[in-house]
Amino acid sequence: MGNEISKLRQDYALLSDQIKHLLKAKHDLSQLQSKAEHQLKLYRELYKTGGKINASFNLNEACAAILDFIIYKLNLERCVIFLETETAGRFTIFAMEGYYEDDERRAVMDLSFDVNTLKLQELLPPNYILFSDPEVAELPCCDLIRDRLHLDQWAAFPFAKENTTIFGLLVAGNSKKNDEYYSPIEKDSDVFVGLANIAGLSNTAINNIYSYAALHREHELLESRVRERTAELNEELAARKKTEERITRLSLLQQELLGPGNLKDKLTLITDGIVRIFDADFARVWIVKAGDTCASGCVHAVPGKAGGNACQEHAPCLHLFADSGRNTDTDGLHDRIPAGSNTIGRLIEKDHERFFSNSVIHDTHFCNQDWVKSLGLVAFAGYGLFSADREPMGVLGIFSRHAISPQEESHLKGISAITSQVIQAGLAEEAIIQARREAEVATLAKGDFLARMSHEIRTPMNAVIGLTHLALRTELSPKQADYLGKIQESSQLLLGVINDILDFSKIEAGKLTLENIEFVMSDVLERIKNVATVKSEAKGLSIGFSLDPEIPARLTGDPLRLGQILVNLVDNAIKFTEKGEVAITTSLVSYGDGKATLRFSVRDTGIGIPKEQIDELFQSFSQADDTITRRYGGTGLGLAIVRQLVEMMKGTLTVESAPGHGSTFLFTVRLGEVATGQQCPDCRVKRERWRNPPQDNGKISAGKVGRVLLVEDNIINQQVAVEFLKQSGCVVDVAGNGLEGVMRVCEKPYDLVFMDVQMPEMDGLEATRIIRKKGFTDLPIVAMTAHAMARDRDQSLAAGMNDHLVKPIDPDELERMLVRWISPQRGILPGERFSPTPEGSHDILPEIAGLDTAAAVNRIGLTSAFYLKLLKEFAARNADTALRIRNECAAGRRDLAARTAHCVKGVASTIGADELARSASLLESALREGDLQETEGMLAEFCEMLGTLCGELRAFFKDDE
Amino acid sequence: MTIQSGVGISHHRNPQVAGEEAARDALAAGGFAKADFIFAFATVGYNQQTVIRAIRTATGGAPLTGCSAEGVIVGGEIDESNFSVAVMAIKSDRIRFVNGIETHLKQEPWTTGQRIATALKNCLADDSLGLFLFPDGLSINFDKLRAGISENLQSHPGLPFFGGAAGDNWKFKQTYQYHDDEVVSDGVAWALMSGVATLSWGVGHGCVPIGVEHRVTKAQGNTILEIDDRPVLNVLKSEYLTPQDIEDWTKTFQTFTLGFKAPQRMEEYDQFIIRTMVGGIDEVNGSATLATEVGEGESIWVARRDFEKMKNGNRQTLEHLLHNSSSEPFAMAFHFECVGRGKVYVPDRVKTELNDILRQEIGMDVPWIGFYTYGEIGPVGRENHFHNESMVLITVQ
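Sequence order for the protein chains is A and B. In this text, residue positions in the first sequence follow my numbering: the first is 1, and each later residue adds one. In this text, residue positions in the second sequence follow my numbering: the first is 962, and each later residue adds one.
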């Protein structure tokens, strides 16, 4: 039993021992497990906190996370983070936790120390200070930590930049009085390991934060610089844009200034533009008014007067001329400013031409501060405006409520220069306009004078010449005939001089215009021949005219002036030739595109002209020399007028001459060509205005007369005209004025009316209008007037007249009017008054088959005599034409043959040989197109027709030889 | 008629901030600005006066009862650090509280109980539901205290007592009891709950006996002088501690508890009533002081903590509680855990698991407050008992 008990006790002891160890093991395991769990939890928190502080770039956030870990996870009582201040080596509290009593907390917050003083400068990671380390007690920092941070158990970990220079300190620990509630700081404990780890992580994180902060600062600085620079650039850009805009608008303003407008408009454009472009308050331009000077006693000179400006006696005054912008009440201060009287007035004085201020309110130079204040003005820019020769013209003033930049001021200065130019140009333009007005008035006066003179001279001349002409037709004694002949000659000369003077005056006044009417060159030459032949026969000279048949039959131009040129040259030729001949040649230079250039040659065998005097020949009032003037007379205007007329006809004038060997005057004119059957477009109006004269077939039948009404107020002119008309075989009635003329027309039928223009009661123009209104639309009415200007002719035509006859009346012209306007069907025809040709006369036209003489004369207006001459010349010139063409064809010169055929075509058409003309045209085409067989046939036909016609013509003219 | 409550917790080291934070969070969670009554528990790292003052200020001076703790429990959060404070704010027109505090617990536990009973007489009513008691865990003699209350409160013999002994984070130096602005030690803070509500409770422990049955051969009051005629310390050293443990016995003895056979009337509870040697072991005479009276001749076992036992205990506690609860939703829950079931002996995950077992059945959102005590107070059957290594759960509906 005892053994059993003993054994049981042994078993029990063994069992108990096993249980003890099992329990111990279980407990230890549990403890280990708890410890491991605790460590794991701690490291997890450390990892989480490490992640948080590394991810943060904010020092406050990082420090808060560090403190949170140390206090709440490591369960330490207090923690403080010192960081270096801006003062190197000086550390102050950056973050703290665990000081909850106010006074304690305040004391800790104010804590700072010098790292050198505490000898911590060499404390670098991973080194640290632990309170329990023996050597630590010697360190100066211990006292601070214990006494100032109230830590009895603590550890301090440095923060250092790249582990070279300490910049911070982390101190964590517990106070003795509370340490039982906190984790003890024991080396190698989990708490210490955690603390060391968090300190290490903190060091890295804070370094990163500092680096990031530095980078961020740099970045911010850069951003700030970029922003500043961008703002600067934007400002510059905006300013540049504004400047460019301003320049564009200024450029547009300049463009506008180039447009039409008077000075006021343009200066207002400038002031408007300144206000708009520069955002000025208002802009003004003053102009120096010519002749307006202050005199002593003027209101501006009264001292003490409100708003008065002191002025100098007789100073020029500026008048406000253009004003734009805010409508300010300047109480009349700006309306009229004497020079030198104030800032504005001084701007037209030398050395004071510019005034610029951005603080006018404070600028004592700127007068009248009250006015400036009341308007709130800040800036003023004023510029004196001067002409090119430095004469003061005005002032440009710009008033602004904001400052004007230097660039703007430079632009304003530019505008002031432009304003000066505008004023100068404007004044010059106004002067030109004024001068033009005066010139126009003068020209008008001159024209009126010329018209009056023309009328006043021609009217008595008409009487002199007309009566002399009539007198010469009466029975006279030889002496009477001699005297009257000389009178007639002198009066013709005088008329020529008067005409030259009037023409010259017209040319000088620019009043001479050329007609553009249809005419026949042969008519012009005929008229000249009629006059020249008499003169040449009187001197025993032979005179000859030749007309190139290739010249188009009908031309357009001014036949009167062309005739005047020829008359002048021919007269000179006759005048300066004592013996021999004068030959006048007309030839075709070129034609085409409706234009024909003719060359005229007037050759004489006279005295000739020295070479050195040829150049002056065509100058006004010039003759070759004084001896010529004394010997031969003349005004010297003739050739000058000739030159002017030739130039007006787009021609040239030359002379070939040698003393003793005669002279040849050559000139060309450019005329219009009217093709056969076509009407000259320019002449269409004339044709419409000129009523087609009745056909003049050149046949005069004796015993038939026309009833003519002469409406003329002048008794002498009445007498002259009536006599002319009666001698022409007309029955003449006379009316003394337009009214009477109208009544007479209404009472009985007339074939023709000669109507003076200037008459009392009713002038000729009015009378004509009334006559036409009364239905006498077919009655030919011819103006017979001393008004020789082109406008007079136009007025006559406009009134309804058919033609225009200029006084003094040329009997031949009168005759032609009768022939032109009195219809044969009406009955009474005047007698023919054509001058006989030197070669003899042919009143009868040939009747030749293939030659329609009547048609030629009627269609193209040829006179019978000239037509006969033309026929004779045609026969003479084409005697061998057929043979020539055949030879040219045989020689293969088909083009030449075609040209010859073309020439014949033109002339044949002119003389009324229409069939021959058609044959020539076909031959020409065949020759040009090269069909030999067809050419032969046509050539044969052409030659036969040409030969037959020429033969008939030679036979016709054989009797005259 | 409602019962509103909310709980808040703070771990802030600053006692002022911690108190304010926990109080504000409790009010906010409850959804009201002014509370009718406050329960507050705080660990001893804080200046207790500062914490309580902060809570009182933040809650507008609402009546407050509580004590210091080894750790606090708020909902699913358990904090056994030296710096944690838990607050429950209650606002209700169904239940009401009357609170008070008595001191001189160590010196005169019965008289202290008598004084509590005297105070209760003026406020007990037919609808009184239970008495919360928070005695000083270092000076508690619960049996005498209970006797002092019960013997002087004949009108309500079945009034249940709930609560826990104040702790001080294993320092065993000084605990604190709170009543409104007062903070005392060696005292008992009490609060009587009355009104229309259903209180349900359960008690469970997690210790299992190890070794053989021992007998208390010599005892004096709540001190066991000898077991099996040997000093307690000798018994522990010789039979339950390894040579290494013996060297550090001042700590290692705490791994053991003592189990007493539970009376039959406590059969619903467990076979054993567990006691810790809360008063420590006298190194000189080898005696161990408990929180309750010990009778000579009582069978005694040395016991140890068993996690599975703990979990099962929680489940049984729940079962008992739910069996006695009504169908109304739970308005609040009070949870008193023994320090022996805290961080020192139980890993966090186990603690969390134990807590979750309870909350998952009661409700994760039910306002839940508690603390780690130096001894739990809760009825078993119709008797109020003091427990060690236990968990007491009370719900209010």
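The beta-carbon is built from N, C-alpha and C at its ideal position, and this holds for glycine as well.
Three or more C-beta pairs below 8 Å linking the stretch 213-227 of chain A and the stretch 160-174 of chain A: no
Three or more C-beta pairs below 8 Å linking the stretch 1143-1153 of chain B and the stretch 1054-1066 of chain B: Contact between the stretch 1143-1153 of chain B and the stretch 1054-1066 of chain B is present, because at least three Cβ pairs lie under 8 Å.
Cα-Cα separation, A:Leu797 to A:Thr768: One C-alpha to the other measures close to 10 Å.
Own chain, CB closer than 6 Å to A:Glu647, minus 5 neighbours either side, in chain order: Around A:Glu647: no qualifying Cβ.
Segment limits, beta strand (DSSP E) that includes A:Phe157: Gln153 to Lys161
Residue of A:Ala538, A:Glu612, A:Leu671 and A:Val708 minimising C-alpha distance to A:Val980: Missing from the structure shown is residue 980 of chain A; chain A here goes from 1 to 961 and no further.
Coarse secondary structure for A:Phe576, derived from DSSP in three states: coil
Residues, ordered as in the chain, of the stretch 1271-1283 of chain B that lie near chain A by beta-carbon distance below 8 Å: Contact annotation: in the stretch 1271-1283 of chain B, no residue has its CB less than 8 Å from a CB in chain A.
Identity of the residue in A:His319, A:Leu123, A:Ala442 and A:Arg820 nearest A:Ala339 by Cα: A:His319
A:Gly200 - containing alpha helix (DSSP H), residue span: Asp190 to Leu258
B:Thr1011 - DSSP class collapsed to helix/strand/coil: B:Thr1011: helix per DSSP, three-state reduction.
Per-residue contacts from B:Thr1203 into chain A (C-beta, under 7 Å): Lys20, His21 and Lys24
A:Phe57 to A:Tyr212 span [Cα, whole Å]: 7 Å
Inter-residue spacing [alpha-carbon to alpha-carbon] between A:Cys164 and A:Leu123: Before going further, note that residue 164 of chain A is Thr rather than Cys in the sequence given. Taking the straight line from one Cα to the other gives about 10 Å.
Neighbour list for A:Ser16 in chain B, Cβ cutoff strictly below 9 Å: Near A:Ser16 (Cβ distances below 9 Å), the residues of chain B are Gly1172, Val1173, Ser1199, Glu1200 and Tyr1201.
Per DSSP, the bridge partner or partners of B:Pro1170: DSSP lists B:Ala1264 as the bridge partner or partners of B:Pro1170.
Contiguous beta strand (DSSP E) assignments of at least 3 residues, all confined to the stretch 870-943 of chain A: none
Segment contact, 8 Å Cβ cut-off, at least three pairs: the stretch 478-489 of chain A with the stretch 535-542 of chain A: No contact exists between the stretch 478-489 of chain A and the stretch 535-542 of chain A.
Per-residue burial, B:His1281 [other beta carbons within 10 Å of its own, 16 or more giving buried]: Its Cβ being crowded by 16 or more others within 10 Å, B:His1281 is buried.
Cβ pair B:Ile1077, B:Val1144 closer than 8 Å: no
DSSP three-state assignment for A:Phe956, whether helix, strand or coil: helix
Spatially closest choice to B:Asp1088 from B:Asn1316, B:Ile1261 and B:Pro1121, by CA coordinates: B:Pro1121
C-beta atoms of A:Leu569 and A:Phe665 nearer than 8 Å: yes
Inter-residue Cα distance where the pair is A:Met801 and A:Lys807: 16 Å
Three-state secondary structure (DSSP) of A:Pro838: For A:Pro838, the pLDDT reaches just 39, beneath the cut-off of 50, and the residue's location in the model is therefore unreliable, leaving the point undetermined.
Contact set between the stretch 963-995 of chain B and chain A, restricted to residues whose Cβ is under 8 Å from the partner: Within the stretch 963-995 of chain B, the residues whose Cβ lies closer than 8 Å to some Cβ of chain A are His972, Arg974, Asn975, Pro976, Gln977 and Val978, listed in chain order.
Per-residue DSSP class, three states only, for A:Val567: helix
Where the stretch 86-120 of chain A meets chain B: residues whose CB sits under 7 Å from a CB there: Gly98 and Tyr100
Within-8 Å CB hit, B:Ser1042 to chain A: yes
Distance between beta carbons of B:Ala1050 and B:Pro1096, contact taken as under 8 Å: That belief does not hold up - the Cβ atoms of B:Pro1096 and B:Ala1050 are roughly 23 Å apart, past 8 Å.
7 Å Cβ cut-off: residues of chain A touching B:Arg1265: Leu23
Rounded distance between the beta-carbons of A:Asp803 and A:Ala759, thought under 8 Å: In the sequence as presented, Ala is not what sits at residue 759 of chain A; that position holds Met. Between A:Asp803 and A:Met759 the Cβ distance is about 18 Å, and since that is not below 8 Å, they are no contact.
Chain A contact for B:Thr1237 (CB, 8 Å cutoff): no
Residue-chain proximity (B:Lys1105, chain A), Cβ-Cβ < 8 Å: no
Continuous beta strand (DSSP E) stretch holding A:Asp733: start and end: Segment Val731 to Ala735, the beta strand (DSSP E) holding A:Asp733.
Coil, strand or helix - B:Leu1114 by DSSP: coil
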